[in-house]
Every structure is written in C-alpha cells, then in structure tokens.
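Novice: Take 1 as the starting number for the sequence shown in UniProt numbering and just add one per residue.
Each residue gets a CB set at the ideal place from its N, CA and C atoms; glycine is no exception.
Structure incoming, see below.
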Amino acid sequence: MQTWVYVVIPVMIYFGERIFRMVRSMAYESKILDAITYPGKVLSLKMTKPPGFRYQSGMYVFVQCPQVSKFEWHPFSLTSAPDDDHLSIHIRSLGDWSYHVYDMFHEALRCSNLDLPKVYIDGPYGAASQDHSKYEIILLIGLGIGATPFISVLKDIANGLDKEGCAANHHSANGLRKAYFYWVTREQGSFEWFRDIMREVSAQDSKQGVVEMYNYLTSVYQEGDKRSVLISAIQALHFARHGIDIISKTPVRTHFSRPNWPRVFHGLARKHIGERIGVFYCGPDDLGRQLERLCHKMNMRTFTKFVFHKEHF
C-alpha cells in the first residue's frame, strides 16, 4: 500500500501541474509578430502581449511549441521591457527541443508559403535579476546567451530615462543611478543577437550616462598579441571617426580578451566608496563561484558592499 502512495502521489502532482499549465497557457496564446534567426542558432521571437499581461524586467516565461511537443515547457527570459507593446524572447539551440523549434521556424522563414509555428506562454515568473530595482548601482554580467535576463533590464532603464525629469537628475525613473553591463562572448556573430537593442539603449542614454556597456570577444587573439594590437588600433581609429565599433556594429566598444574581474571590481569600489552595488550574473557556475568569492573579498577589503545574485543558466 505504501508503495502505491509513493508512486501515485508524484504522478498525480506531475500531471496536475502539466494540466494546470496547459489550461493557463490557453489564455496566453501569443501570435508571432516577427521571427529572426541569428548566428549560433539563436531564434528571436517577437510576440503579441496578451491583455493584462504585466511583468517586471528580469522576469521569465515558460514556452511551449505544440508542433514540437504538447507537454514540454521551457523557461526563457523576456528580452522586451515592461513598457513595450509586445513580448520578445531569444532562444539558443542547446538541446533537442530548442533545436527542433529553431529548425521549424528557420524552415518556415525560408519557405514563405509556410505558416509560423504556434507558441504558448505561461508566466511571468520572478528571477534573481528582478531584484535590480533594490539598488541604485548595479553590475550586470552575462556570458553568451546568459546576457538575455539583462537585456530587458537595460531596455527598462533606457525607457525610464525618457520619462520627464530623469535627464536633469541623471538617474532612471526607478531611482537607479548607474548600471554597468559586461557581455562576454566567444563568437563575433553573437553581437547580432542584441545589436538593435544596444543601439537603442546607447541612443536613449547618450546624455544621461546612466548605463555603461562593455563587450568582450574571447575567440580572436590573446590580449597583447600583435594581431590583437593591430585590430584594436584599426578599431580605435574607426570608432574615433564614426562612433561605431567595427566588431559589434554598435556604439559599444569591443575588447579582445576576458575581463580582468579584480580590476573591474576595484575600479567600482574606488568610484562608489561606501555604497551598495548589486552584482547580477548569468553564465556557467565556475565563473559564478569566482565572482561570488570576489564579492566577499571586496566586502572585507573595501568600504563598498557588493551583493551577489546568480541567475539559473
């Protein structure tokens, strides 16, 4: 009898959760407004925003594509801002389900006579990056597709800067005074994923200077390599003349190395003495542990308080 209890109850909970999510999702069938495929097998979906759908930047939704599986739901960070009139997500192909979804959309986009697959969403749900509103100063660190939770945050900040009165005070509408965004990626093609968004944020923040963005490309040459020095010189000349980075095609300069995190943290500690900085990270666990230890170390050795938050990757 006890064996039946151990088997039946988990099964009932599992199917109950699936049925609940399926029923809830019917109210959130999102029409695809636009779909774009990017290098690295990344799919960007722009969808209608269901009536009454409210969320905060940094939140995520579960996504189902019935043509691939009626029972599989996968979480993805929203890359649209709460004030946007649409929802957007970026899906990188990292498993069977995401590969199938990418291939289906890629084929539908290639053949104009095919309809785009349907998508259902369940959410929104909270995440660590949602806590950014608790700080006046934040440090956002994303590795590869791990930048997605912070794109919504950056867009939200930029939208807030457009609101009346923010420009004079040099802070966003929610009280944020400074945001530092570090994006580290191996492939140059990755910069296409959020190119338009980074251009938009740079343009909206051009006068206030609330947001500082840094791109790091790690697959070129090591820092100090002669070829890297040559590329950097050409890049600097082009940037000085046109204000656009030749690698990312945005106003955000690209560095050909990995960030020196102790140097980054020490710089922030000197700039913001006696203040609290929210550190938000999304990426592999190894670097996450290093950054968390670095936060503790800086808290012991400086007057600046670094508070670490990690997104599930």
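(1) Roughly how many angstroms separate the alpha carbons of residue 70 and residue 270, rounded to a whole number?
(2) Any idea what DSSP makes of residue 33, helix, strand or coil?
(3) Taking only runs of the beta strand (DSSP E) that begin and end inside the stretch 258-295, which ones reach a length of at least 3 residues, in chain order?
(4) In the DSSP assignment, find the alpha helix (DSSP H) that holds residue 204 and state where it starts and stops.
(5) Report the rounded CA-to-CA distance for residue 264 versus residue 124, giving the unit in angstroms.
(6) Report all residues from its chain with a CB closer than 6 Å to the CB of residue 43; omit the five preceding and five following residues, and keep chain order.
(7) Could you give the DSSP three-state label for residue 95: helix, strand or coil?
(8) Any heavy atom of the ligand SAH inside 6 Å of the beta-carbon of residue 103?
(9) Would you identify the three-state DSSP class for residue 310, choosing helix, strand or coil?
(10) Assess contact between the stretch 290-304 and the stretch 250-266, defined as three or more Cβ pairs (one per stretch) separated by less than 8 Å. Is contact present?
(11) Find the nearest neighbour of residue 249 within the set 86, 58 and 192, judged by alpha-carbon distance.
(12) Short of 6 Å in beta carbon distance, which residues of its chain neighbour residue 234, apart from the five on each side in sequence? Order them along the chain.
Specialist: In terms of the structure at hand:
(1) Here the alpha carbon of residue 70 sits roughly 53 Å from the alpha carbon of residue 270.
(2) strand
(3) 276-282
(4) 195-204
(5) 33 Å
(6) 37, 91, 102 and 105
(7) coil
(8) Within the structure as shown, the ligand SAH is missing, as the structure has no ligands at all.
(9) strand
(10) yes
(11) Residue 192 is the option with its Cα nearest to residue 249.
(12) none
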